[in-house]
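Worksheet: the structure to be examined is printed underneath.
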Amino acid sequence: AQSVTQPDIHITVSEGASLELRCNYSYGATPYLFWYVQSPGQGLQLLLKYFSGDTLVQGIKGFEAEFKRSQSSFNLRKPSVHWSDAAEYFCAVGVAGGTSYGKLTFGQGTILTVHP
Amino acid sequence: NAGVMQNPRHLVRRRGQEARLRCSPMKGHSHVYWYRQLPEEGLKFMVYLQKENIIDESGMPKERFSAEFPKEGPSILRIQQVVRGDSAAYFCASSKKGTGGPGEQFFGPGTRLTVL
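Just so you know, the protein sequences line up as chains A and B, in that order. Under my numbering, think of the first position of the first sequence as 101, with each following residue one higher. Under my numbering, think of the first position of the second sequence as 6, with each following residue one higher.
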């Protein structure tokens with residue numbers, strides 16, 4: 101079965117600083133990888149996804165993520181954080197076949213706090 | 006161009022009552038997924054449905070929980086005889102295809118269930 105680990109429960113950065121949120125997955129084949137963002141009391145919004153092809157994926161709001169198969173990682177990055185980026189971020193993995201077909205497995209989430 | 010709709014947004018029940026959560030997928034989507042988010046945790050997959058079919062219910066508790074997605078109308082997640090441990094946010098997602106792959110999932114705003 102697939103699994104996702106987000107090692108950092110809480111990250112604090114200053115506005116304008118760069119950001120990297122870590123995500124490691126466990127899955128035997130090529131996974132489908134996602135980053136979602138959740139603001140307090142809200143649903144999840146998709147930031148970006150990786151299915152195949154170029155391992156550097158661009159998303160909305162200036163975010164990007166890089167798939168590294170050798171490290172089983174899909175870290176999320178942003179060069180300059182804005183106060184509005186404060187939220188909780190979830191990494192997720194999906195599979196295209198087998199008994200887990202259709203469902204997403206989420207990491208525990210990383211809460212991002214942005215200081216002015 | 007409405008997104009995934011869930012109602013009610015907030016639901017309060019007393020122990021032993023029934024909770025009914027509704028989800029209307031995005032237009033053109035025929036696949037629905039339910040996830041539960043307990044406090045301080047990530048989302049956990051519960052069930053995956055297509056119209057009139059349950060595809061994967063591996064994440065559903067064996068008792069008191071049921072889900073349906075009828076030919077007409079919204080998907081319903083039903084919790085009978087609720088207990089305090091059922092208090093959580095329940096999210097519905099929909100996709101065009103039944104996969105975590107190219108058929109990316111779009112999430113609703115969630116229903117926050119509180120059991121007194």
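The beta-carbon is built from N, C-alpha and C at its ideal position, and this holds for glycine as well.
By the C-beta density criterion, Pro131/A is buried, having at least 16 other C-beta atoms within 10 angstroms. For the segment 133–147 of chain A, the beta-carbon criterion of a distance under 7 Å to any beta-carbon of chain B is satisfied by Gln142, Gly143, Leu144, Leu146.
Listed along the chain, the chain B residues whose CB falls inside 7 Å of the CB of Leu121/A amount to none; the nearest CB is some 14 Å away. Close to chain A, meaning a Cβ-Cβ distance shorter than 8 Å, are the following residues of the segment 78–97 of chain B: Phe96.
Val193/A places its beta carbon 7 Å or farther from that of Val137/A.
Remark: fewer than three beta-carbon pairs, one from each stretch, lie closer than 8 Å, so the segment 14–27 of chain B and the segment 203–211 of chain A are not flagged as touching. Residue burial is scored here from C-beta neighbours: Pro30/B has at least 16 other C-beta atoms within 10 angstroms and is therefore classed as buried. Gln145/A sits in a strand when the DSSP states are folded into three classes. In the three-state DSSP reduction, Gly194/A falls in the strand class (E or B). Ranked by Cα distance from Asp61/B, the options Val37/B, Thr119/B, Leu121/B are led by Val37/B. In the structure shown, Arg18/B falls within a strand segment according to DSSP collapsed to helix, strand and coil. Secondary structure of Gln102/A (DSSP, three-state): coil. Under the 7 Å criterion on CB atoms, Pro44/B is classed as non-interfacial with respect to chain A.
For Cys97/B, the enclosing beta strand (DSSP E) starts and ends at 93–100. When Glu120/A, Arg169/A, Ala187/A are compared, the shortest CA-CA separation from Pro107/A is found for Glu120/A. Per DSSP, reduced to three states, the secondary structure at Arg69/B is coil, with no helix or strand assignment.
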